[in-house]
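Reviewing the structure listed below.
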Amino acid sequence: MITVAVQQAPFSVEDALAPLEALGGGAVASFVGLVRSDGGIEALTLEHYPGMTEVALRRLAEEAVARWSLIGATVIHRVGELRLGERIVLVATCAPHRRDALDACAYLIDRLKTDAPFWKRETRGGDGRWVEARASDDAAAARWSQPSPQS
Amino acid sequence: MITVAVQQAPFSVEDALAPLEALGGGAVASFVGLVRSDGGIEALTLEHYPGMTEVALRRLAEEAVARWSLIGATVIHRVGELRLGERIVLVATCAPHRRDALDACAYLIDRLKTDAPFWKRETRGGDGRWVEARASDDAAAARWSQPSPQS
Amino acid sequence: MPTILYFAWVRDMIGTAEESADPPADVTTVGALAAWLAGRSEGHRAALADLTRIRAAVDQQFADLDASIEGAREIAFFPPVTGG
Amino acid sequence: MPTILYFAWVRDMIGTAEESADPPADVTTVGALAAWLAGRSEGHRAALADLTRIRAAVDQQFADLDASIEGAREIAFFPPVTGG
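Protein chains in written order, with this note's numbering: chain A, 1 to 151; chain B, 1001 to 1151; chain C, 2001 to 2084; chain D, 3001 to 3084.
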């Protein structure tokens, strides 16, 4: 079961996990990313590429499901104006074994950072600035391309 | 911030994560383990060693906080009679960097499986049976004893 | 005639989110299209001057600069992504 | 005189969750205590016959069979743990 949502509205973690928990896999891993203050950030604006975003997220989820034999994967990403402390993204996975759920969850958030068309604009002291991509995110995504990176 | 709870009552993931999310770390990873049917299991009874359990869980959380510079860690483990599909355990971590939150979350559930005094009794067809410990859990916990197991 | 989309600071610098383009026949790759679009205005030139800072998608799939644009209906230029 | 606790199937086989013990002076380790307790009843013998299947804690800390019980107030015997 793959669920992908790109939305302005806030989301509930409880509601997001419930369908995965109901699948009977026994192991549900999740990651939530939130707006943090990082040297005075007041707000974030998330832009995306409508149409392509949903396809890219679904493809990532499908890759994770296939690679770790997941029973389910969920990705929710917010767009628009987000205030400090608000949730930006949730990725969650369900599998019969915790190692698969945990590794697939890490994979999803690492790959999402480099393979889904979102752009962050941060506001500090009233001024907006587009966030630069980070080499560390490329490195984190790349480690999943190596054979058996976790073993 | 370390929170440890051993309780009979169900718990809300939303409520469990909220204090971690409020710490401002930006990255919150969590794992939920649930009762799954595994060949006809109807219910699980979780027994523990009152007093020792809380100390053991707190020690694991402290080790995770120190090793990954976490801002917060939460462990909730239920005891008593649990029905199919009910949550057994939640571990959750908060850090400024997602890799730390994710690795520490995996560490906590791996170590909890071998280092906290809980015992599962499963009921199938009305008959109760104590669950045997698994060598795979020992192996999963042991990998965290090796230097830099994730790199 | 493909639609060209711009996102984030690429869009801000060019001043439009979407335009159509009818490139000449010898413009067959993403990189060549970017170079050709750079001639449209000062904003285009500034945004597309350094293609190492630009990423692209052809029909909503990430594409390298040497990817073909033959038959493409939608081509997008944008900065490296920063979601999550 | 330490309190002895039993959990899970160890308790079921022994038939009690808690008892006190006043072992002789030459019983100084967890393993020696288990061997000495095994003589208390048929249930004790059956539960503690194979110490490879038994884990222990001294004053609520996991302890090996060769760990000292000197001054211990609470010693527990139980199967390998299966939580999570």
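Where a beta carbon is used, it is the ideal one built from N, C-alpha and C, also for glycine.
This one's a predicted model, so the numbers in the text were calculated from it and none came from an experiment.
R3073/D by DSSP, collapsed to three states: which one? Coil at R3073/D, not helix or strand.
Quick check on R1078/B: buried or exposed, where buried means 16 or more other Cβ atoms within 10 Å of its Cβ? R1078/B sits buried, since 16 or more C-beta atoms from the chains shown fall within 10 Å of its C-beta.
Would V131/A count as contacting chain C if we go by Cβ distances under 7 Å? So yes, V131/A belongs to the interface.
Residues of chain D with a CB under 7 Å from the CB of A1109/B: which are they? Residue 1109/B is actually Ile in this sequence, not Ala. Per Cβ cutoff of 7 Å: G3084.
Between which two residues does the beta strand (DSSP E) carrying W1119/B extend? Element bounds for W1119/B: F1118 to R1124.
Spatial distance of L1046/B from D2064/C (CA atoms): When rounded, the separation of the alpha-carbon atoms in L1046/B and D2064/C is 55 Å.
Start-end ranges of the alpha helix (DSSP H) lying completely within the stretch 1028-1112 of chain B, minimum 4 residues: At a cut-off of 4 residues, the continuous stretches assigned as alpha helix (DSSP H) that sit fully inside the stretch 1028-1112 of chain B are 1052-1068.
Is there contact here, the stretch 2067-2081 of chain C with the stretch 3012-3019 of chain D, by at least three beta-carbon pairs under 8 Å? Fewer than three beta-carbon pairs drawn from the stretch 2067-2081 of chain C and the stretch 3012-3019 of chain D are found closer than 8 Å, and the two stretches are therefore not classed as touching.
Neighbouring residues, chain D, relative to G1026/B (Cβ below 7 Å): The contacting residues do not exist; G1026/B stays about 27 Å from chain D at best.
Relative to the alpha-carbon of F1031/B, which residue among W130/A, D110/A and T93/A has its alpha-carbon at the smallest distance? When only C-alpha atoms are compared, the closest one is T93/A.
How big is the Cα-Cα spacing for S1151/B and F1011/B? Bear in mind that a pLDDT of 41 at S1151/B, under 50, signals an unreliable position, so the model cannot answer this.
Between the C-alpha atoms of A2047/C and I71/A, what's the straight-line distance to the nearest angstrom? Spanning the two alpha carbons is a distance of roughly 44 Å.
Between the Cα of L112/A and those of A16/A, Q8/A, A18/A and G33/A, spot the shortest distance and give me the residue it belongs to. The shortest C-alpha separation from L112/A is found at G33/A.
Decide if P1149/B is buried, meaning its Cβ has at least 16 other Cβ atoms within 10 Å, or exposed. Low local confidence applies: a pLDDT of 45 at P1149/B is under 50, so the model's placement there is unreliable, with the coordinate-based value given in what follows. Answer is exposed; the Cβ neighbour count stays below 16.
Flag V2030/C as yes if its beta-carbon sits less than 7 Å from any beta-carbon of chain A, otherwise no. Not an interface residue.
Among R1059/B, R1087/B and V1075/B, which one has its Cα closest to the Cα of L23/A? Selected option, being the one with the closest Cα: R1087/B.
Within chain B, the residues that G40/A reaches when beta carbons sit closer than 8 Å: For G40/A, no chain B residue has a Cβ inside 8 Å of its Cβ, as the nearest lies near 13 Å away.
In chain order, which continuous runs of the beta strand (DSSP E) of length 3 or greater are located wholly inside the stretch 3014-3050 of chain D? Secondary structure in the stretch 3014-3050 of chain D: the beta strand (DSSP E) runs of 3 residues or longer, each lying completely within the stretch, are 3018-3020 in chain order.
Buried or exposed by the 16-neighbour rule on C-beta atoms within 10 Å, applied to E2018/C: An exposed status is given to E2018/C, since fewer than 16 other beta-carbon atoms sit within 10 Å of its beta-carbon.
Is R1143/B close to chain A? Criterion is C-beta to C-beta, closer than 7 Å. Answer no: the Cβ-Cβ gap between R1143/B and chain A never drops below 7 Å.
Could you tell me which chain C residues have their CB closer than 7 Å to the CB of M52/A, listed as they occur along the chain? Neighbours of M52/A on chain C, chain order: A2057 and Q2060.
Determine the direct distance from the alpha carbon of R1098/B to that of G40/A, and round the result to whole angstroms. The straight-line gap from Cα to Cα measures roughly 20 Å.
Taking its Cβ as the centre, do 16 or more other Cβ atoms sit within 10 Å of D3026/D, making it buried, or is it exposed? Classification of D3026/D: exposed, given that the 10 Å Cβ count is below 16.
Give the residues from the stretch 1053-1082 of chain B that approach chain A closer than 9 Å (Cβ to any Cβ), ordered along the chain. Along the stretch 1053-1082 of chain B, there is no position whose C-beta sits under 9 Å from a C-beta of chain A.
Can you name the start and end residues of the alpha helix (DSSP H) that A22/A belongs to? For A22/A, there is no enclosing alpha helix (DSSP H), as DSSP marks it with neither H nor E.
On a Cα-Cα basis, can you pick out the residue from L1057/B, C1105/B, A1043/B and A1066/B that is closest to L1082/B? Minimum Cα-Cα distance from L1082/B among the listed residues L1057/B, C1105/B, A1043/B and A1066/B corresponds to A1043/B.
Alpha-carbon spacing of P117/A relative to T2003/C, whole angstroms: P117/A and T2003/C: Cα-Cα distance of roughly 18 Å.
Return the residue from the list L1108/B, L1020/B, R1067/B and D1127/B that minimises the CA-CA distance to A1226/B. This structure cannot settle anything about residue 1226/B, because the visible part of chain B is limited to 1001 through 1151.
Just to check my reading of the structure: V1035/B and L1090/B have Cβ atoms closer than 8 Å, yes? What is that Cβ distance to the nearest angstrom? About 14 Å separates the beta carbon of V1035/B from that of L1090/B, a gap too long to meet the 8 Å contact definition.
Chain C contact for E86/A (CB, 7 Å cutoff): With respect to chain C, the C-beta atom of E86/A has no partner C-beta closer than 7 Å.
Sub-7 Å separation of A16/A and T53/A beta-carbons: In this structure, A16/A sits away from T53/A, with a CB-CB distance that is not shorter than 7 Å.
Could you tell me which chain A residues have their CB closer than 9 Å to the CB of F2007/C, listed as they occur along the chain? Neighbours of F2007/C on chain A, chain order: E47, H48, Y49, P117 and W119.
Let me check understanding here. Comparing Cα to Cα, which of R2055/C, M2001/C and V2010/C lies closest to R2045/C? For R2045/C, the closest C-alpha among the options R2055/C, M2001/C and V2010/C is that of V2010/C.
For Q2060/C, the nearest candidate out of G2043/C, T2052/C and I2069/C (CA to CA): Among G2043/C, T2052/C and I2069/C, the Cα nearest to that of Q2060/C is on I2069/C.
Which residue wins for smallest C-alpha separation from W130/A, given the options E122/A, S136/A and D137/A? Nearest option by C-alpha distance: E122/A.
When the cut-off is 7 Å and only beta carbons count, does R1124/B lie next to chain A? No, R1124/B does not count as interfacial toward chain A.
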